[in-house]
Amino acid sequence: MALQNLHELYNNKRHPSRNGGDSGRNSTTLMCYVTLASSQVYQVEVDHKAECQEVIDKSEVFCSTIYTSTRGNQVISNNRLKPYFYRHQFYTNVVYHLKNGSWDADTTLETQSQLIALMAYIQFGNYNPNTTPCKYACFWPECRNEIPPEAIRMAAAFHKDLKDITTSHAKYELLSIVSREFPSYGTYFYDVKNIFDRKLLLGVGPSDIVLCNSTGGVIDR
């Protein structure tokens, strides 16, 4: 069964009196958005006074399998994985977008260098002057020009300061920086073409729709 159908079934069980036409119209409800590792985004409806645990519980429907018995009864098998696995999946999704240059190309070089240092630390560990700097290029978006020497220098300086911190803390720092410094954070981009057959990127985000050139530069919002 499709995830969207699972969502509707779960809502009907929890709120029998609520039908699909009333979604979003009840002032006592809050719409939350669940991002799957596949980059698909689904909305979950909870009471505006709900605790975080209720949001998590309702999100579990996206990790479940529904079985239908011969009598027509439906049973949900919860296949929820441990939270740390979801955090890692969310991290890898963000890194994918960073390495593809999906988000703002106008972000400062200092911020980009700091993110490169964090990604390098998470993948390769502590700074090694003999091997680490040459690996920074693999975290620079391929759609842009070659990584500037200044970015390598700053990334190395940031990388040295990360010595012996935990990997989980480094992931948290990266996600925190992205959420603060990237206005297009949470925007998902699609390849499109204009009337002149030129490749563009169409981004759909929580607050706006943005049109970018092939390197991520913003043309219009």
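When we follow full-length UniProt numbering, the leftmost residue of the sequence shown carries the number 1, and every step to the right adds one.
Cβ coordinates follow ideal geometry from the N, Cα and C atoms, glycine included.
From a predicted model like this one, the values you see are computed outputs, not experimental measurements.
Going by DSSP in three states, residue i sits in which element: helix, strand or coil?
{"i": "F90", "result": "helix"}
{"i": "C138", "result": "helix"}
{"i": "E51", "result": "coil"}
{"i": "L201", "result": "strand"}
{"i": "D191", "result": "strand"}
{"i": "T131", "result": "coil"}
{"i": "Y42", "result": "strand"}
{"i": "K171", "result": "helix"}
{"i": "P148", "result": "coil"}
{"i": "residue 245", "result": "Residue coverage of the chain in this structure runs from 1 to 221, which leaves residue 245 outside it and unanswerable."}
{"i": "A156", "result": "helix"}
{"i": "L115", "result": "helix"}
{"i": "D164", "result": "coil"}
From the DSSP output, read off the bridge partner residues of residue i.
{"i": "T108", "result": "Partner(s): none; T108 has no beta bridge."}
{"i": "V218", "result": "C212"}
{"i": "Y33", "result": "Q43"}
Assign residue i to one of two classes, buried (16 or more other C-beta atoms within 10 Å of its C-beta) or exposed (fewer than that).
{"i": "residue 243", "result": "Here the chain has residues from 1 to 221 only, and residue 243 is not among them."}
{"i": "H97", "result": "buried"}
{"i": "K49", "result": "exposed"}
{"i": "G216", "result": "buried"}
{"i": "L118", "result": "buried"}
{"i": "Q112", "result": "buried"}
{"i": "A137", "result": "exposed"}
{"i": "I116", "result": "buried"}
{"i": "A151", "result": "buried"}
{"i": "H159", "result": "buried"}
{"i": "L109", "result": "exposed"}
{"i": "S120", "result": "Note that residue 120 corresponds to Ala in the displayed sequence, not to Ser. Classification for A120: buried."}
If you draw a straight line from the alpha carbon of residue i to that of residue j, how long is it in whole angstroms?
{"i": "E51", "j": "L30", "result": "11 Å"}
{"i": "G72", "j": "E45", "result": "26 Å"}
{"i": "K99", "j": "T70", "result": "49 Å"}
{"i": "E171", "j": "I122", "result": "A small fix is needed here, since residue 171 is Lys in this sequence, not Glu. Looking at the two C-alpha atoms, the distance is approximately 7 Å."}
{"i": "N213", "j": "C134", "result": "29 Å"}
{"i": "W140", "j": "N93", "result": "16 Å"}
{"i": "V95", "j": "F189", "result": "15 Å"}
{"i": "I165", "j": "N194", "result": "47 Å"}
{"i": "P206", "j": "Y42", "result": "12 Å"}
{"i": "V218", "j": "K163", "result": "36 Å"}
{"i": "R221", "j": "L201", "result": "12 Å"}
{"i": "S168", "j": "E146", "result": "29 Å"}
{"i": "C32", "j": "E54", "result": "11 Å"}
{"i": "E142", "j": "P149", "result": "16 Å"}
{"i": "Q114", "j": "M154", "result": "7 Å"}
Does the Cβ of residue i lie closer than 7 Å to at least one heavy atom of the ligand MG?
{"i": "E146", "result": "Only the bare structure without any ligand can be found here, which leaves the ligand MG out of the picture."}
Counting Cβ pairs, one atom from each stretch, are 3 or more of them under 8 Å apart for the segment 120–139 and the segment 182–198?
no
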